Amino acid sequence: MTDHVGIRKLLFVGLVLVAAVVLTAAGGQEGAEELGEPDVVLDLTAEGREFSIAGEGEENPDLIVSEGDVVQVNLEITGGNHDWVVDEFNAATEVIRQGETDTIRFVADQSGEFEYYCSVGSHRAQGMYGTLIVQ
Ligand SMILES: [Cu+2]
1 MTDHVGIRKL LFVGLVLVAA VVLTAAGGQE GAEELGEPDV VLDLTAEGRE FSIAGEGEEN
61 PDLIVSEGDV VQVNLEITGG NHDWVVDEFN AATEVIRQGE TDTIRFVADQ SGEFEYYCSV
121 GSHRAQGMYG TLIVQ
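Per our numbering, the very first residue in the sequence shown carries number 1; after that it's consecutive.
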């Protein structure tokens with residue numbers, strides 16, 4: 001009887017350990033890291049209904065990269081809740097709040113002009129978008 005309980009206890013501990021390892025592995029996946037070092041880093045801030053390049057005043061500026069670039073976007077929210085999205089590249093940060101940052105990487109694998117925007121509420125309709133130029 002005692003042995004039987006002991007084995008069950010051991011099996012349970014084993015299962016917990018396996019589950020812990022699986023969860024740790026899943027949590028460790030960093031999509032951004034798989035693309036390697038970025039060719040371009042865009043430091044963006046978002047506030048109100050506008051994005052800007054950190055330290056510069058221009059509202060929803062044109063963002064210019066080269067075709068094939070691994071692009072890293074560091075989004076920092078300085079007011080409200082926002083994200084940064086470009087549909088054509090499946091590029092999207094999390095929706096984050098004031099004081100938070102999120103980083104994504106994507107490959108600009110086609111040239112042209114693409115709209116970047118905030119997908120929160122009606123922000124895009126209210127003008128929270130700009131142009132990503134891939135040349
Ligand atoms: Cu927004």
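Backbone N, C-alpha and C define an ideal beta-carbon position, used for all residues, glycine too. Remember, it's a predicted structure, so these values are computed and weren't measured experimentally.
Under the three-state DSSP convention, the category residue i falls into
| i | result |
| --- | --- |
| glutamate 47 | strand |
| valine 120 | coil |
Neighbour-count burial assignment, residue i, 16 or more Cβ in a 10 Å radius
| i | result |
| --- | --- |
| threonine 45 | buried |
| arginine 105 | buried |
| glycine 27 | Only weak support is given to the placement of glycine 27: the predicted model assigns it a pLDDT of 39, under 50, and the value that follows is read from those uncertain coordinates. The residue in question, glycine 27, is exposed, as its Cβ has fewer than 16 Cβ neighbours within 10 Å. |
| alanine 125 | exposed |
| alanine 54 | exposed |
| aspartate 83 | buried |
| isoleucine 64 | exposed |
| valine 85 | buried |
| glycine 130 | buried |
| threonine 78 | exposed |
| valine 41 | exposed |
| glutamate 50 | buried |
| glutamate 30 | Since pLDDT at glutamate 30 reaches only 45, below the 50 mark, its modelled position is unreliable, and no value is offered. |
Beta-bridge partners of residue i, as assigned by DSSP
| i | result |
| --- | --- |
| leucine 63 | Leu132 |
| alanine 92 | Val85 |
Run of the beta strand (DSSP E) containing residue i, from where it starts to where it stops
| i | result |
| --- | --- |
| leucine 35 | First-last for leucine 35: undefined, no H or E at that position. |
| glycine 137 | Not covered by the structure: residue 137. The range shown for the chain is 1 to 135. |
| glutamate 76 | 70 to 77 |
| threonine 103 | 101 to 107 |
Any C-beta of chain C under 8 angstroms from that of residue i
| i | result |
| --- | --- |
| glycine 68 | Absence of chain C from the displayed structure is noted, only one protein chain being present. |
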